[in-house]
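Step one of this worksheet: look at the structure below.
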């Protein structure tokens, strides 16, 4: 039996037929998984204490199978642990994990133009150039959140000391709050003018060939503004000459006015000028996971800015998304769909991905809190059951990343080039908080 | 039931449990499928008689679901029908199909620098820029083969007249042999200096980050030299200042000396300088279909240049490839593998693709003719049975392109952005010819 088979098959063998018994839909399920399973997995296997940063290519049982450092995932893990330190508890070990990545990012993450690379070798040597603005966006959010956490520590939060500290390289203290804040805002400033041409010289589309707007841009625009605002406050925006409320509003309206087609009851991933739908694969592309993710961001924005109309629209569009995106035969949400039902371009279109389901669960937990409707509760329960029955790994913990359409792990990875310590822990934390409030309100037993 | 489900499910529903009964392993099976099923499918559904070129995005039953024109596939179909006209029979309708595409390519295919685009809109307006040299390579082979076919016609081959002719636009006669030859050789000349940096300004790899050689380059180098030589003869090479034998030899040796690791018994898709294997996902990547395809090209080159040593090495490496690449659990060859058995980067790694199996069948038909060994015959039979049982569509003809690991169609497309009229008909034609000789020799009943 070849190594390939041994790994491939160990995964297929491992699956017990769906447990049938998902853990209860309760805040406890989510917080226990976060603090006793998922965070420990990444704390145990992902930390590169030698040179800083994180290993994200991890097998089912946590072995590192590639030591390259992908900026998206480095930044997302820095954000995650900084956020935990700021909003959950000032645990020294969390700040310490954030320091490992923040120091690595500041030291190696940018090219001579101050654009962020896509990937680096373990030691920080650049591998893949900054070919669009997303590395920059995740770096901005990571460093803004880290700056907030570091400020709490500098103003007397618990010190990340003790043996772990030396292990993390006592000689290498974490970057200061000021240092991180400065690079975060400098990067944010540099992103703004590049948003209309996010790939710069790497753009393969011939100008005028077929203009299409990607939802990813307004989506990360909302996300970035809200994350930086929460971490650094409104005053940070004076340094970058934008008004956070205007920025959030403009991006939310771009999604709701251009990408959301209320007549078709679909949220389109790419649209032509004025929200038209070119009749081609790109123009018909649906991405249910992305839709769920942007819709909860819009709910949170609506909540913060007192725009109930955004919340009403987003919670309804969320139902359209899952009613169409749900696989009636095998359960779970498709990764990609064609709005007309033609064969999707991507071969992995009918696979079931961890992040799609993590984002969908949180989106419905939020929607249920805002609407109290049985429809949202029903879908929350349905997504909860499917996800815990199929993604959770009973043997080694954490969640499988990629399932076949039928719901079996298609490979054993717990982390890779795209799966890191981000979507699942963020969803577990945010969902746990929503469910806690729903339990207190007595609408969830 | 949504359109998506209806399409997705119609495919899943359609599959009968593997027929168990594949048609006999006989030349007749391959030539019948080519002339009575596959070519008619493309002749009926892919021809854009209005503006020229071909539709390649075709549903299971031949409906066009995207009208964009992808240069790789436009060129490959021009090559296929020109080759049929030159080597099989001077059927006017075949030359007519080739003319439709050759005229479209010459009119719309190149940018102002004479580099070939990646894709165009139906009417020829450019969509995606020439971001590497492969469009150029397929255009070279297409126009060289078309030039040979057109020359036969110009020197008295059967005229592509009759109603079909008007339908194809009687007003638009096909490009002349001379015109096509000139652009083919001009393109070939322009490719040579670009081979060490095939993506030019679109290269995302930071120089010096991790130098890796891709097997695709020497592979297409052998292919291009042999196709142009067969179509236009040695004299064509004086126009581009290379010697065809040296060109073929240099590229074959690059594959056998750098990419083939005889100790590991693996053909690596990417290698470091001197054939080293960087311990990362890219450095461990295996692509069994690509390996089978380059190995039959090396067998044909060895046959033509009298290098029995190439044939012996290629036929043995072919066995290593399928012994490791075969899915012992569900049958079929994997699309991608990691040489160490770690999770492959690509989500579609364990899917079963039509072209992988078409190329493998022909590679083993060739290998069996060269070696007469039972091992090669056994694998030829095994690949034949799996492929006809799983890829052939009993209801609408042609082959499904993409199967799940378990062997079920994962979507119904017969053509798309990457599947056109090329791998399957080429393999059917070449395999039919090999099997005919094996039958005459009495080693295949």
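Residue numbers (the numbering used here), protein chains in the order written: chain A, -15 to 429; chain B, -15 to 429.
Using N, Cα and C, we set each Cβ at its ideal position, and we do this for glycine too.
Given that a residue counts as buried once 16 or more other Cβ atoms are within 10 Å of its Cβ, and exposed if not, what is residue i?
i	result
residue 427/A	exposed
residue 250/A	buried
residue 207/B	buried
residue 231/B	buried
residue 421/B	exposed
residue 285/B	buried
residue 155/A	A caution first: residue 155/A carries a pLDDT of 38, below 50, which makes its placement in the model too unreliable to give a value.
residue 395/A	buried
residue 271/B	buried
residue 389/B	buried
residue 247/A	exposed
residue 235/B	buried
residue 441/B	Residue 441/B lies beyond the range of chain B shown here (-15 to 429); nothing can be said about it.
residue 95/B	exposed
residue 70/B	buried
residue 263/B	exposed
residue 393/A	buried
residue 293/A	exposed
residue 322/A	buried
residue 11/B	buried
residue 429/A	exposed
For residue i, which of helix, strand or coil comes out of DSSP?
i	result
residue 74/B	coil
residue 436/A	In the structure displayed, chain A extends from -15 to 429; residue 436/A sits before or after that span and is not available.
residue 371/B	helix
residue 94/A	strand
residue 326/B	coil
residue 121/B	helix
residue 261/B	coil
residue 137/B	helix
residue 176/A	helix
residue 414/B	helix
residue 254/A	strand
residue 53/A	strand
residue 202/B	helix
residue 9/B	coil
residue 169/A	helix
Whose Cβ in chain A lies nearer than 7 angstroms to the Cβ of residue i?
i	result
residue 50/B	264 and 265
residue 185/B	185
residue 113/B	188 and 190
residue 397/B	327
residue 119/B	Under the 7 angstroms cutoff, chain A gives no residues; its nearest Cβ is about 12 angstroms from residue 119/B.
What residues from chain B crowd round residue i, counting only those whose CB sits closer than 7 angstroms?
i	result
residue 110/A	190 and 193
residue 356/A	Correct list: empty, because the minimum Cβ distance to chain B is about 27 angstroms.
With distance defined between alpha-carbon atoms, name the residue in the options nearest to residue i.
i	options	result
residue 116/B	321/B, 184/B and 180/B	184/B
residue 66/B	352/B, 158/B and 95/B	158/B
residue 336/B	383/B, 234/B, 269/B and 297/B	383/B
residue 203/B	215/B, 21/B, 179/B and 41/B	179/B
residue 257/A	77/A, 268/A, 242/A and 248/A	242/A
residue 127/A	316/A, 215/A and 8/A	215/A
residue 177/A	105/A, 99/A, 166/A and 288/A	99/A
residue 304/A	294/A, 276/A, 325/A and 193/A	276/A
residue 404/B	59/B, 13/B, 181/B and 228/B	59/B
residue 399/B	279/B, 57/B, 11/B and 269/B	57/B
residue 89/B	23/B, 122/B, 75/B and 361/B	122/B
residue 81/B	45/B, 73/B and 33/B	33/B
residue 119/B	63/B, 324/B and 190/B	63/B
Name the chain B residues whose beta carbon is nearer than 9 angstroms to that of residue i?
i	result
residue 371/A	Under the 9 angstroms cutoff, chain B gives no residues; its nearest Cβ is about 18 angstroms from residue 371/A.
residue 105/A	193, 194 and 264
residue 442/A	The structure shown does not extend to residue 442/A, since chain A is modelled only from -15 through 429, so no value can be given for it.
List, in order along the chain, the chain A residues whose C-beta lies closer than 8 angstroms to that of residue i?
i	result
residue 335/B	331
residue 43/B	326 and 327
Quick one: list the residues of chain B neighbouring residue i, beta-carbon separation under 8 angstroms, in chain order.
i	result
residue 40/A	Result: empty, since nearest Cβ-Cβ is about 12 angstroms, beyond 8 angstroms.
residue 102/A	188
Show which residues of chain A have a CB atom less than 9 angstroms away from the CB atom of residue i.
i	result
residue 122/B	Correct list: empty, because the minimum Cβ distance to chain A is about 17 angstroms.
residue 400/B	265, 327 and 329
Taking C-beta pairs closer than 7 angstroms, name the residues in chain E that residue i reaches, listed in chain order.
i	result
residue 66/A	In the structure shown, chain E cannot be found, because the protein chains are A and B.
- Query: Relative to chain A, which residues along the stretch 302 to 322 of chain B have a C-beta separation below 9 angstroms, given in chain order?
  - Reply: From the stretch 302 to 322 of chain B, only 307, 308, 309, 311, 312, 313, 318, 319, 321 and 322 have a Cβ closer than 9 angstroms to chain A.
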